[in-house]
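Residues 15 to 253 (the numbering used here) are what the sequence shown spells out, left to right. C-beta: ideal position from N, C-alpha, C; glycine also. The structure appears right after this line, and notes come after that.
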Amino acid sequence: MREDRSVIVKVEIRDARTDRRRRPDRPRTPAGSPNATYDYFILSQQWSPGICAVEPQCVSTSKKNYWTIHGLWPAGDNTSPSFCVDEQFSGRVLDPIKRDLNKYWPSLTSAEARYFTFWRHQWQKHGTCAGDVPALNGLFKFFNSTLAVYKKYNIFEFLSNSLIRPSVVRTYSVSEIRNALSDDIRQKVNIVCSQRAPNRDAPVLTEIRFCLDKNLEPVNCQGKNGGCGRRNYYLPARS
15 MREDRSVIVK
25 VEIRDARTDR
35 RRRPDRPRTP
45 AGSPNATYDY
55 FILSQQWSPG
65 ICAVEPQCVS
75 TSKKNYWTIH
85 GLWPAGDNTS
95 PSFCVDEQFS
105 GRVLDPIKRD
115 LNKYWPSLTS
125 AEARYFTFWR
135 HQWQKHGTCA
145 GDVPALNGLF
155 KFFNSTLAVY
165 KKYNIFEFLS
175 NSLIRPSVVR
185 TYSVSEIRNA
195 LSDDIRQKVN
205 IVCSQRAPNR
215 DAPVLTEIRF
225 CLDKNLEPVN
235 CQGKNGGCGR
245 RNYYLPARS
């Protein structure tokens, strides 16, 4: 979901090329083993207008006027397990929820027909490490439960309720964003921005990350925000 860093956190986008770069003989350990322990999950939601403002590989249809899922990641204060079990990815298993996955869990750097490569990477790297949680044990459960949690916490609505809305003119502080979310989530979240947006005099908001316990309930996130400034743009889909 982490990624506690005191330096700027760059936007990480996974696509088919990421899968090709990963070596097939990467060591894998069963979920729950000492080498795959973790304390909580990071649910990372991404704001495509912000990411597409800094990511040249973003496809033209990627900009949405709602937050989308980047991933659900097992994490801990000192560990982030990955590639835990060499388990087959089958797109057919996800057919019952494919419409929701296409809408709410898209790859921002590939056409819809290639989204499965992004899902496969998220499953192989992160989902295979979550098997000790019954709600996430297995390919279908991992994606279906992540969708359910995502729908439960509507970032766009939460921010709008506090008058934090996309704009090419107005900017927001991290505190304003965080306080708006705490009214509904009641826990600390982490905010990720990018300072690489051209023709902008402030960073742009790209991701918001919740922390969840193993019952998939919100808990306080540790660590710092990434890449944000005193004021930050929350760009609209059409800017």
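Helix, strand or coil at residue i [DSSP, three-state]
i, result
"Thr185", "strand"
"Val284", "The structure shown does not extend to residue 284, since the chain is modelled only from 15 through 253, so no value can be given for it."
"Leu177", "coil"
"Phe132", "helix"
"Cys242", "coil"
"Cys225", "strand"
"Ser62", "helix"
"Leu153", "helix"
"Val73", "coil"
"Gly85", "strand"
"Pro232", "strand"
6 Å Cβ shell around residue i - same chain, five flanking residues per side excluded
i, result
"Lys228", "Val147"
"Arg252", "none"
"Leu195", "Phe172, Val203"
"Gly64", "Val218, Leu219, Thr220, Leu249"
"Phe103", "Arg134, Trp137"
8 Å Cβ shell around residue i - same chain, five flanking residues per side excluded
i, result
"Gly243", "Cys207, Gln209, Ala216, Pro217"
"Gly141", "Leu86, Leu150, Leu153, Phe156, Phe157"
"Leu115", "Leu108, Tyr129, Trp133, Phe157, Leu161"
"Arg200", "Pro232"
"Gly90", "Thr51, Tyr52, Asp53, Tyr54"
7 Å CB neighbourhood of residue i in its chain, flanking five on each side removed
i, result
"Thr185", "Ala216, Arg245, Asn246, Tyr247"
"Arg37", "For Arg37, the predicted model reports a pLDDT of 38, less than 50, meaning its position is unreliable and no value from the coordinates is stated."
is_contact[residue i, chain E] using C-beta, thresh 8 Å
i, result
"Lys139", "No chain E appears in the structure shown, which is made up of a single protein chain."
Supposed contact pair residue j and residue i - C-beta distance, whole angstroms, cut 8 Å
i, j, result
"Thr82", "Ser62", "6 Å"
* Return the chain-ordered ranges of every beta strand (DSSP E) run that is complete within the region 191-222 and spans a minimum of 3 residues. => 204-208
* **Validate contact between the region 126-134 and the region 55-71 using beta carbons, cut 8 Å, 3 pairs** => no
* Segment contact, 8 Å Cβ cut-off, at least three pairs: the region 107-126 with the region 209-221 -> no
* Within the region 89-118, ranges of the alpha helix (DSSP H) (whole runs, at least 4 residues) -> 112-118
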